[in-house]
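A quick write-up on the structure given underneath.
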Amino acid sequence: MSFFGVECVRKKERELERKLRANDREYNLSFKYATNAIKTSKYNPFSFLPLNLFEQFQRIANAYFLFLLVLQVIPQISSLSWFTTVVPLVLVLTVTAAKDATDDINRHRSDNQVNNRKVQVLIDRKLRSEKWMDVQVGDIIKLENNQFVTADLMLLSSSEPLNLVYIETAELDGETNLKVRQALPVTGDLGEDVEKLADFNGEVRCEPPNNRLDRFTGTLNFAGQKYPLDNEKVLLRGCTLRNTEWCFGLVLFGGPETKLMQNCGKSTFKRTSIDRLMNVLVLCIFGFLAFMCSILAIGNCFWELNEGAQFTAFLPRQDGNDAPFSAFLTFWSYVIILNTVVPISLYVSVEIIRLGNSFYIDWDRKMYHARNDTPAEARTTTLNEELGQIKYVFSDKTGTLTQNIMTFNKCTINGKSYGDVFDYSGQRLEVTEHTEAVDFSFNSLADPRFVFHDHALVEAVKLENPEVHGFFRLLALCHTVMAEEKREGELFYLAQSPDEGALVTAARNFGFVFRSRTPDSVSIVEMGQQRSYELLAILDFNNVRKRMSVIVRSPAGKLSLYCKGADTIIYERLHCSCSKLMDVTTEHLNEFAGEGLRTLALAYKDLDEEYFKQWKQRHHEVSTSLEDREGKLDELYEEIEKDLLLLGATAIEDKLQDGVPQTIEQLAKADIKIWVLTGDKQETAENIGYSCNLLREEMNEVFVVSGNSPEDVRQELRNALTAMKPEEDSACLPERTLGKRAKPLADEAVNGEYGLVINGHSLAYALERSAELDFLRAACMCKAVICCRVTPLQKAQVVELVKKYKQAVTLAIGDGANDVSMIKAAHIGVGISGQEGMQAVLSSDYSFAQFRFLQRLLLVHGRWSYLRMCKFLRYFFYKNFTFTFVHFWYAFFCGFSAQTVYDEWFITLYNLVYTALPVLGMSLFDQDVNDAWSFQHPQLYVPGQLNLYFSKKAFFKCALHSCYSSLVLFFIPYAAVHDTVRDDGKDVADYQSFALLTQTCLLFAVTIQLGLEMSYWTAVNTFFVLGSLAMYFAVTFTMYSNGMFLMLPSAFSFIGTARNSLNQPNIWLTVLLTSILCVLPVVTYRFLFIQLCPSINDKVMFKVRQAKATPPPPPRRTRIRRTSSRRSGYAFSHAQGYGDLVTSGRFLRRPALSRSSGLAHAGRTTTGFSPMGRSAGYSPTGRPQNAKVADVEVTSLQMYRTIRDPAL
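If you read the sequence shown in my numbering, its first letter stands for residue 519, the second for the next number, and so on.
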């Protein structure tokens, strides 16, 4: 670290492999690995002033004003006082520095809070409490339950059997379901013995620091043996230890080298498209300023040569001041006088407007999420107007579109559908919060959070319908869920997916309660009766089989196989006697899929004892074989899973966040394209795509790109292009110019609506240079794009690709560390702060709790901010160009002497006092239509995407308008006072009277123009406009008074001008005439434009005027139903289960509680749950969603103990 806080970057060889030795700091220090301290701040007390000033003067405008200040202190050049520049410049620098200092102080506090956390470190054979920042690579540390993981660790040992630990990765990926990690047996034997751990000297060789969250490769050398290390042996910084009493880990990466910090990437300074356009325009203005000054300097040279000799009698020249030198001085004098084309107050005003519009976002109660007590937050103040120009939205899925909560909504059993609610006339009712829920009080072990509304299903259970009982018995037996019972009746389930937990919870509430399991048995309570089923085999789920089965023996000795899986897979294995039931069930499945529910078919068969004995023997032989074990097992499974009898199907809702379909529909109407970039499987992402209206059955086609080679992917993309635009050669792509920036890709219109789904491995090929344009063209022609199984890096690459070839503004929204690179790559990053993962929020520009707030952020706040900023810039350039051009015309009448046409005090106060508040009022309060109309007409958003409100063309129009106005404002007053006398016959054609008349005309003209620009008048706006005019007259009469002249004659030389001029009728007639002539072309143009080709804004504003009141409330939104033949298969997205762990000889089991045999004696759950609203579903962590860390309920296997099969 240098003195000024800038990190000294030493050129060192890139790390290719990490080597470290446990408990050997001296050895590890030789590699100069990063410590565990993090630093996100930019300054320290010594470096702040020089670094901040250096950064601020890198802005062209600030450097320009500093240059002007230097010119103004040169007496031969300046005709203006130095304070006209130094006061606003110092003000701007001070305000910006204060803002930067505040931001950096907050970063320092955040860094210190994290770096000073305490953790136990093994040093000199003792556990010592050390600060996080003092932890080094190679240290062994001890973590306890609910602690954050300090650094990237290799797990050594834990308090749990089999050395398992349970972690929550919400900070990394936004998912709240617990994940399991397991230590190597060789290190697990170290336990918590400090002496053994201190003697551990294993050497690790692993990959260098990188940002891949899902992959880790390395080896451990210990006691002469080499052991492989993978992601399952590693705990990453940002995770939280859950339901594990303690664990020990070896530090592999610290601080900035951890995967969490590597994913944060480098913070880039984001600038809006208006900022970038402004830079170009400011450079053009500087060029134009130089051009004007050159003309006036040349004019001065000619005037000095032709007319100057006549004035030397009373204006003698200094020695050596000939005409060319006078022209040179005049050039710089006019640079100072005409500098108001780019006034410094422009930048002050822009910052104030952005700050004000940011506060509107922070204060918006309609973006406040009461359940989490989470308001919306504008974490940056520099990007507000960019929110009104978004064309592409890149969204994560889990935790962003969905809540990651599954609810059991419907089912079909033996051809009868359950789950809908009907009235007395047989009409289906919409299920709402007020719909009566089923009473599960008959079941004291029911989960109070589970909500179901169809009473018919409970009645069928109570009537002991055999098919219904068989259905729920299957759900209670066929799974790999683990149960934990902390107290009698308080059950918690740990499932490898939320779907599994939701199904087992449903069975629990309908009277079939999964209670516990051992490696060879499953205990359930069936309608109050305790039963234990012998577990003979688990045929576990995987992505190829898309189903799972269990083989059990009932207490009565009956052998049965229960199977659940994707309906297409199960149907292939059904007995021919089920054909009629299949048809009815298929109809129900189509209805469920049409509602976006995830479906699962259930079937069973009874097994012959003799056949099963033979099968079991073959199964044992295959399980112990070394060659093609998986293939042989699949053949065995296929053999026994046939001739099944269909029981029915389940329908689970993967709960979307509130308002997601409506939000996506609104954004689509605003011509915003939404791409979902998710790490989930293709089928899961497709299911969500359909349920949230991103993909629709009405689409002409949804293309699926899943090629396994570059050629296949390229061909699939070109097939899609041909299908969308058959008349065009898809090989015709935009050309690349060598060494130059990529040529922008124009939008292409297609007939019909299309969708595109692409897998992660295919996306890798699609992003290659040879295929990226094919991919981008195909994707941009589609209404919706879903990228599945993508890595964090690929998410950023997709965003960068769109930014590179499309002249469009992008927004990325996510909630986990795996979204950070995407959030930072996009023009605007939005973090979802409602989940426990906050890493995305910390890297975002805006944050709120729910995806639905995005439509308000864009369609209301974004559109208003963009509209206000564009109006502000158009008007600001107009009033300043008009002000400045009058100087230019006056130069031809003052001998190019660089004399100002206005009073010096008017020049100083024009932008700071007289015109500052009215334009700020417009820029903070103006709106064309209110928020309700903005939602009713999302098309109002489109002009922002097309840059229609402010562009180079709009700027050129503004300059022409200013040129015309300046001609009117100079020559009309000039003609009006030329050869004119007062009422009393005295002359009024003096310089001071002309200056006063011109500046008064100017102020009235620009104020009336402001009134024409304003669409929404408020009391504040009116006060600002009228108050500024009143302030002008008050200040003018004060400064032109006798008293001010007597105090400072040199500063207040316009003595008596105001009272002598403004009492003349012809002066006010001149003001009126110039005002009318200035606004007449504008009024005429707008009238003709609205009549002949009105814009969308004009049409909607006309509707508003016709309504003369707030619009009626929008129609009640009904549940969106789709008719679909598409399966929404849960089984396609289910993860591989704990089958191997369940059936292993070593098994986790909690010490048995004394249980009664009947439900009536079991205690009802009271403290373990809290109601979750309308359809409180299964929470993967077994605890209320969004609960505080301190309230986390234990949901794990940690209370289970090792049981060894006596037969082994």
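Glycine included, each C-beta is placed from N, C-alpha and C at the ideal position.
All values derive from a computational prediction rather than experimental measurement.
For residue i, is the classification buried or exposed, using 16 other Cβ atoms within 10 angstroms of its Cβ as the cut-off for buried?
{"i": "S548", "result": "exposed"}
{"i": "E1354", "result": "Any reading at E1354 must be qualified, since the residue scores a pLDDT of 48, below 50, and its modelled position is unreliable; no value is offered."}
{"i": "Q1368", "result": "buried"}
{"i": "H1496", "result": "exposed"}
{"i": "E775", "result": "buried"}
{"i": "K1064", "result": "buried"}
{"i": "M796", "result": "buried"}
{"i": "P606", "result": "buried"}
{"i": "G1681", "result": "With a pLDDT of 36 at G1681, under the threshold of 50, the modelled position of this residue cannot be trusted, and the question is left open."}
{"i": "L1019", "result": "Before going on, a small fix: residue 1019 reads as Gly here, not Leu. Label assigned to G1019: buried."}
{"i": "R536", "result": "buried"}
{"i": "V1062", "result": "exposed"}
{"i": "I592", "result": "exposed"}
{"i": "N1560", "result": "exposed"}
{"i": "R794", "result": "exposed"}
{"i": "F564", "result": "exposed"}
{"i": "G742", "result": "exposed"}
{"i": "C1611", "result": "exposed"}
Can residue i and residue j be called in contact, C-beta distance under 7 Å?
{"i": "Y886", "j": "V610", "result": "no"}
{"i": "R1026", "j": "D965", "result": "yes"}
{"i": "A1513", "j": "L814", "result": "no"}
{"i": "T930", "j": "T1103", "result": "yes"}
{"i": "N777", "j": "L754", "result": "Looking at the sequence shown, residue 777 is not Asn but Lys. Yes, they are a contact pair."}
{"i": "L1162", "j": "L1092", "result": "yes"}
{"i": "V1437", "j": "Y1393", "result": "yes"}
{"i": "F912", "j": "L1195", "result": "yes"}
{"i": "F1572", "j": "Y1558", "result": "yes"}
{"i": "V1031", "j": "L1120", "result": "no"}
{"i": "T762", "j": "V655", "result": "no"}
Suppose the cutoff is 7 Å on Cβ atoms and the five residues either side in sequence are ignored; what does the same chain contact list for residue i look like?
{"i": "R733", "result": "N749"}
{"i": "S1383", "result": "N875, N902, E903, L905 and G906"}
{"i": "W850", "result": "L589 and I595"}
{"i": "Y878", "result": "H1379"}
{"i": "F1414", "result": "L814, G817, N818, W821 and T848"}
{"i": "S1483", "result": "T1400, A1523 and C1596"}
{"i": "V1419", "result": "V1404, H1405, Y1408, A1513 and T1516"}
Just list the residues that DSSP pairs residue i with in beta bridges.
{"i": "F912", "result": "W1193 and A1330"}
{"i": "L538", "result": "V722"}
{"i": "V1601", "result": "None, per the DSSP bridge assignment."}
{"i": "R946", "result": "F940"}
{"i": "G1112", "result": "Answer by DSSP bridge pairing: none, since G1112 is not bridged."}
{"i": "W764", "result": "E662"}
{"i": "R1069", "result": "Note that residue 1069 is Ile in the sequence shown, not Arg. In DSSP, I1069 forms a bridge with A1055 and L1079."}
{"i": "Q743", "result": "F740"}
{"i": "F926", "result": "I1170"}
{"i": "A1264", "result": "Paired residue(s): none; A1264 is not in a bridge."}
Which residues in the same chain as residue i place their Cβ atom closer than 8 Å to its Cβ, once the five residues preceding and following it in sequence are excluded?
{"i": "L823", "result": "A841"}
{"i": "E648", "result": "K636, V637, Q638, V639 and I641"}
{"i": "P1228", "result": "Y1283, E1286, S1288 and A1289"}
{"i": "T668", "result": "N554, R635, V637, W650, V653, I659, L661, R755 and V769"}
Between residue i and the ligand ZN, is there a pair consisting of the residue's CB and a ligand heavy atom that are separated by less than 6 Å?
{"i": "M1565", "result": "With respect to small molecules bound, the structure shown includes none, and the ligand ZN cannot be examined in it."}
Could you pull out every residue in the same chain whose Cβ sits closer than 6 Å to the Cβ of residue i, ignoring the five residues on either side in sequence?
{"i": "D618", "result": "N570"}
Just list the beta strand (DSSP E) runs in the stretch 1271-1341, keeping only unbroken ones of 3 residues or longer that don't cross its boundaries, in chain order.
Runs of the beta strand (DSSP E) inside the stretch 1271-1341: 1272-1276, 1302-1305 and 1327-1332.
In chain order, which beta strand (DSSP E) runs of at least 3 residues are fully inside the stretch 670-724?
You should have 670-676, 682-686, 697-700 and 721-724.
For the stretch 1406-1459, which segments carrying the alpha helix (DSSP H) assignment without a break, of at least 4 residues, lie completely within its bounds, in sequence order?
1422-1427, 1434-1443 and 1449-1454
Where are the beta strand (DSSP E) runs, 3 residues long or more, that stay fully inside the stretch 840-871, in chain order?
none
Could you name each continuous alpha helix (DSSP H) segment of 4 residues or more that falls completely within the stretch 985-1067, going from the start of the chain to the end?
Listed in chain order, the complete alpha helix (DSSP H) runs (minimum 4 residues) inside the stretch 985-1067 are 1016-1027.
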